[in-house]
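There are 2 protein chains.
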Amino acid sequence: MATLRDVARKAGVSISTVSHVFNGYDDIPAETRKRVWDAARELDYHPNASARSLVSRRSNLLGLVVPGRAGMRHPFLYAVICGVAEAIAGTRFGLTLSVAEDDQRSLREQVNRWKEQRLEGLIAMGFAEDHPVAQAILESGIPAMLVDTILESPRVSWVKSNDTEGAAQAVRHLLSLGHRRIAYIHGLGGQICQERLDGYRLALSEAGIPFDPQLVEVADFTKSGGYRAMNRILSRANPTAVFAASDLMAFGAMECLRDRGLRLPEDMAIVGFDDIDAASHVTPALTTVRQFGDRMGKEAAETLVAFLEGRIEKPHPSLVGTELVIRRSCGYSAKPYSMMA
Amino acid sequence: MATLRDVARKAGVSISTVSHVFNGYDDIPAETRKRVWDAARELDYHPNASARSLVSRRSNLLGLVVPGRAGMRHPFLYAVICGVAEAIAGTRFGLTLSVAEDDQRSLREQVNRWKEQRLEGLIAMGFAEDHPVAQAILESGIPAMLVDTILESPRVSWVKSNDTEGAAQAVRHLLSLGHRRIAYIHGLGGQICQERLDGYRLALSEAGIPFDPQLVEVADFTKSGGYRAMNRILSRANPTAVFAASDLMAFGAMECLRDRGLRLPEDMAIVGFDDIDAASHVTPALTTVRQFGDRMGKEAAETLVAFLEGRIEKPHPSLVGTELVIRRSCGYSAKPYSMMA
DNA sequence: AAATGGTACTACAACGTTATAGGAGTGGCA
DNA sequence: TGCCACTCCTATAACGTTGTAGTACCATTT
Chain Z
276 MATLRDVARK AGVSISTVSH VFNGYDDIPA ETRKRVWDAA RELDYHPNAS ARSLVSRRSN
336 LLGLVVPGRA GMRHPFLYAV ICGVAEAIAG TRFGLTLSVA EDDQRSLREQ VNRWKEQRLE
396 GLIAMGFAED HPVAQAILES GIPAMLVDTI LESPRVSWVK SNDTEGAAQA VRHLLSLGHR
456 RIAYIHGLGG QICQERLDGY RLALSEAGIP FDPQLVEVAD FTKSGGYRAM NRILSRANPT
516 AVFAASDLMA FGAMECLRDR GLRLPEDMAI VGFDDIDAAS HVTPALTTVR QFGDRMGKEA
576 AETLVAFLEG RIEKPHPSLV GTELVIRRSC GYSAKPYSMM A
Chain C
276 MATLRDVARK AGVSISTVSH VFNGYDDIPA ETRKRVWDAA RELDYHPNAS ARSLVSRRSN
336 LLGLVVPGRA GMRHPFLYAV ICGVAEAIAG TRFGLTLSVA EDDQRSLREQ VNRWKEQRLE
396 GLIAMGFAED HPVAQAILES GIPAMLVDTI LESPRVSWVK SNDTEGAAQA VRHLLSLGHR
456 RIAYIHGLGG QICQERLDGY RLALSEAGIP FDPQLVEVAD FTKSGGYRAM NRILSRANPT
516 AVFAASDLMA FGAMECLRDR GLRLPEDMAI VGFDDIDAAS HVTPALTTVR QFGDRMGKEA
576 AETLVAFLEG RIEKPHPSLV GTELVIRRSC GYSAKPYSMM A
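Rendered as structure tokens:
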């Protein structure tokens, strides 16, 4: 692989001159500049990133940290990746990928790698606040942005969806369709769950409907958890609609309703949260609150880069908006199938 | 950040000695060794990867190349990533991520980055054989393994599922349930599609059933394409079962069948291909041929690493087995819901 | 006593860049 | 003629490692 020395020799100038040409110094006349560029092209010269970072003392590398096999698969991983990639295109930064397994040993190895590679920043997703990986990020001292993990330090901040508003959108939709007894399948987890519950209560109170704990059940974000929660609600209350804090739990609830012989959406309206792929494939297609993984990734990366480039004092939290996607699970007001995505 | 020099000073030895300790030379007595390690720990020393690769002339970096927003989302991306990560854990290699957008300009930028970073190998997924990214990989001269893209050169090879056998498994299952008129929704694409068709024909001929072109329709791997293909088949033939070359097309076919008032699975059995997440969420849950993204990623990375470490002469192609996942879409022979994944 | 061999280190030259400082040559001007 | 400024270029010292070739010292062996 060609080096600066080879290019210099070929162009008949010194190494310094070649370096100056590539780095845009303005003390080189056009004629020399062209000779150097031509030589570089002919030799297929590409500056050695290692040599460059050695002397410039920056790796130009950001790390993307995602959970491994054992962890929960983050439904927006791909979207977040695309958002991050979009945000760093055109900056000096490249991306490295860390798949963090849960055990202490391989976590230590990962952290060592981050430090050896002198990563300038991290973007992590899919870890709970108290997960060892989240803690390791804090301890590492590396600036970071977390997606869906609320953790702050002088060099760490987060991005997440506006869960309260998203949940309120969902419930307002059901209210607008005339529903008054709206059940809620709550998810067990961190702050995010609390916010979705807040949104549910907010929308109800806006409509002057008192909060009824009989209509609320908690589940564990799984499909079968949703199934069981729905069962418990139906055993003591008679809602006309259900809002589930995740699409997966909504699917479980749908299964439960069908098993009890109810027709969807005629006998029960249902709304989910997330808009995972499957939401548009189930029958009836699920009305749900869409989260924008790409925007979260983009926002995370932009904030991190702004911090690393010194354009902001410290990284700051962001909320990304959600969008209610209306499909058929609340009734046939939506577009006919052939038109639907 | 501490350097070898700092550690040397603290331990009261020379830089060379410290380097020898860390690199496992055996001419250092235990006592000195300990002094050096202690100093390193106290200073939180991490060897500088850039300096190391500069002198050793290897980056220790593999690149993972995935399609961006514009490209088709590869359903197994996450699984492949996990497989790759598993395979390279414990090797000297780290991973960088390239999200390749389609336009020529950003593709050139990506290739430049690969060369500047001196990536030792690439793993790419989700690009057709004639996609510019696939061509760029070939031209780059960087050793590579492609997932689901059949392309070979002295330093490039591929991994994919055993599509023929997978398709045959699906059709044999339908045959074993007594079906004789089995429709096939063919996908339009590269070699992979041809192989699935081969598997369909193979299973039929094993059973002594003649191939009937009336039962086959081609679609474009989308849901709506599957819907239309199903429609065309039903307009001229009366199958009792359908096999679709992808789950997405199977969903379209299911929608079509329902729109025509057929009951599933009573009036029509259906099998898909891929086992995407949604397959277990639709109703009836889809029986399908599971592909193992993690195994493909692992195989790709292992082959690439073996080549780079000189353990094999050149990278070789691999076929990864598939598994028929039996759910309810071919009848209720399967486990009851509460037991299902 | 001199040669041999082993142990425990160290010196030094790379690796491919960048940045700083400086030098040669030319032209203008007092 | 001497001085200065300007243009175009180059020398050199880092950056943090690794690997090779040594050296100093001591204990054996001949």
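In order, the protein sequences belong to chains Z and C. So in the working numbering, spot 92 of the first sequence is number 367, and the numbers just go up one at a time. So in the working numbering, spot 293 of the second sequence is number 568, and the numbers just go up one at a time. Positions of the beta carbon are idealized from the N, C-alpha and C atoms, including for glycine.
Q) Should alanine 305/Z be labelled buried (16 or more other beta-carbon atoms within 10 Å of its own) or exposed? A) Exposed.
Q.
What does the alpha-carbon distance come out to for the pair serine 289/Z and leucine 329/C?
A. Distance between the alpha carbons of serine 289/Z and leucine 329/C is about 21 Å.
Q: Under the assumption that leucine 336/C contacts glutamine 392/C (Cβ atoms under 8 Å), give the Cβ distance between them as a whole number of angstroms.
A: So it is a contact: roughly 6 Å between Cβ atoms.
Q: Compare the Cα-Cα distances from threonine 371/Z to each of Ile356/C, Gln379/C and Ser381/C and report the closest residue.
A: Looking at Ile356/C, Gln379/C and Ser381/C, the one whose alpha-carbon comes closest to that of threonine 371/Z is Ile356/C.
Q. Got a sec? Which residues, its chain only, sit under 6 Å from alanine 482/C by beta carbon, not counting five neighbours each side?
A. Result list for alanine 482/C: Leu450, in chain order.
Q: Check whether the Cβ atoms of proline 514/Z and proline 540/Z sit closer than 8 Å, and answer yes or no.
A: No.
(Q) So with CB distances below 8 Å, who are the chain C contacts of glycine 369/Z? (A) In chain order: Thr371, Arg388 and Gln392.
Q | Pick from Ala354/C, Arg310/C and Asn323/C that is closest to alanine 573/C, judged by C-alpha positions | A | One detail in the question is off: residue 573/C reads as lysine in this sequence, not alanine. In terms of CA proximity to lysine 573/C, Ala354/C leads the group Ala354/C, Arg310/C and Asn323/C.
Q) Are serine 604/Z and valine 434/Z touching if we call contact CB-CB under 8 Å? A) Not in contact: serine 604/Z and valine 434/Z (Cβ atoms no closer than 8 Å).
Q: State the DSSP-derived secondary structure class of arginine 447/Z, mapped to helix, strand or coil.
A: The answer is helix: DSSP assigns arginine 447/Z an H, G or I state.
Q | Pairwise C-alpha distance: threonine 578/C and methionine 571/C | A | Rounded to the nearest angstrom, the two C-alpha atoms are 11 Å apart.
Q: Report, in whole angstroms, the separation of the C-beta atoms of glutamine 489/Z and arginine 511/Z, which I expect to be a contact under 8 Å.
A: Cβ atoms of glutamine 489/Z and arginine 511/Z come within 8 Å of each other, at about 6 Å.
Q. In three-state terms, what does DSSP make of methionine 615/C?
A. Note on methionine 615/C: pLDDT 40, under 50, position unreliable in the model; the coordinate value appears next. DSSP places methionine 615/C in the coil class of the three-state scheme, outside both helix and strand.
Q | Buried versus exposed, by CB contacts within 10 Å (16 or more), aspartate 534/Z | A | So aspartate 534/Z counts as exposed.
Q. Cβ of isoleucine 356/C less than 8 Å from any chain Z Cβ?
A. Taking 8 Å as the threshold, the shortest C-beta distance from isoleucine 356/C to chain Z falls below it.
Q) Among the residues of its own chain, which have a CB less than 8 Å from the CB of proline 611/Z, if the five just before and after it don't count? A) A caution first: proline 611/Z carries a pLDDT of 40, below 50, which makes its placement in the model too unreliable to give a value.
(Q) I'd like to know if lysine 610/C contacts chain Z, where contact means its C-beta is closer than 8 Å to some C-beta of that chain. (A) Only weak support exists for where lysine 610/C lies, its pLDDT of 44 falling under 50; the value from the coordinates is given anyway. For lysine 610/C, no Cβ of chain Z is located within less than 8 Å of the residue's own Cβ.
Q. Roughly how many angstroms lie between the CA atoms of aspartate 569/C and alanine 445/C, to the nearest whole one?
A. So the alpha carbons of these two residues sit roughly 21 Å apart.
Q. At a Cβ cut of 7 Å, what residues of the stretch 498-514 of chain Z count as close to chain C, listed as they run along the chain?
A. Flagged: no residues at all.
(Q) Between valine 340/C and chain Z, is the shortest Cβ-Cβ distance under 8 Å, so that the two count as touching? (A) False, the Cβ-Cβ gap to chain Z never drops below 8 Å.
Q. From which residue to which residue does the alpha helix (DSSP H) around alanine 411/C run?
A. Unbroken alpha helix (DSSP H) run through alanine 411/C: 407-415.
Q: Please list, in chain order, all residues of the same chain as proline 407/C whose beta carbon is under 8 Å from its beta carbon, the five residues on each side excluded.
A: So the qualifying residues of the chain are Asp377, Gln379 and Leu382.
Q: Verify whether the separation of the beta carbon atoms of tyrosine 475/Z and alanine 519/Z is less than 8 Å.
A: It is not a contact, given that the beta carbons lie outside the stated cut-off.
Q. Does the beta carbon of alanine 576/C sit closer than 8 Å to a beta carbon anywhere in chain Z?
A. So no, alanine 576/C is outside the interface.
Q) Per DSSP, threonine 655/C forms a beta bridge with which residues? A) This structure cannot settle anything about residue 655/C, because the visible part of chain C is limited to 276 through 616.
Q | 8 Å CB neighbourhood of alanine 409/C in its chain, flanking five on each side removed | A | Excluding positions up to five away in sequence, the list reads Ala399, Phe402, Ala403, Leu421, Thr424 and Leu426.
Q) Given arginine 308/Z, which residues of its chain have a CB within under 6 Å of its CB, disregarding the five upstream and five downstream residues? A) Val296, listed in sequence order.
Q: Pull out every residue of the stretch 520-547 of chain C whose Cβ sits closer than 9 Å to any Cβ of chain Z, in chain order.
A: The residues in question are Asp522, Leu523, Phe526, Met529, Glu530, Arg533 and Asp534.
Q.
For arginine 447/Z, tell me which candidate among Glu598/Z, Gly287/Z and Ser294/Z has the shortest Cα-Cα distance.
A. The shortest Cα separation from arginine 447/Z among Glu598/Z, Gly287/Z and Ser294/Z belongs to Glu598/Z.
Q.
Taking the beta carbon of leucine 463/C as the centre, do at least 16 other beta carbons fall within 10 Å, making it buried, or is it exposed?
A. Exposed is the call here.
Q) Can you give the Cα-Cα distance for leucine 413/C and isoleucine 587/C, rounded to whole angstroms? A) If I take the Cα positions, the gap works out to 20 Å.
Q) Roughly how many angstroms lie between the CA atoms of alanine 616/C and tryptophan 389/Z, to the nearest whole one? A) At alanine 616/C, the pLDDT of 40 sits below 50, so the modelled position is not reliable; the number obtained from the coordinates is stated separately. Answer to the nearest angstrom: the Cα atoms are 36 Å apart.
Q. Using a Cβ-Cβ distance under 8 Å, would valine 634/Z count as near chain C?
A. Residue 634/Z lies beyond the stretch modelled for chain Z, which goes from 276 to 616, so this question has no answer here.
**Q.** Alpha carbon of serine 373/Z to alpha carbon of asparagine 506/C, nearest angstrom
**A.** Distance between the alpha carbons of serine 373/Z and asparagine 506/C is about 46 Å.
Q | Which of helix, strand or coil DSSP assigns to phenylalanine 258/Z | A | Residue 258/Z lies beyond the residue range present for chain Z, which begins at 276 and ends at 616; the question has no answer from this structure.
Q | C-beta atoms of isoleucine 460/C and glycine 416/C nearer than 8 Å | A | Inclusion of isoleucine 460/C and glycine 416/C in the CB contact set at 8 Å is not warranted, their separation being larger than that value.
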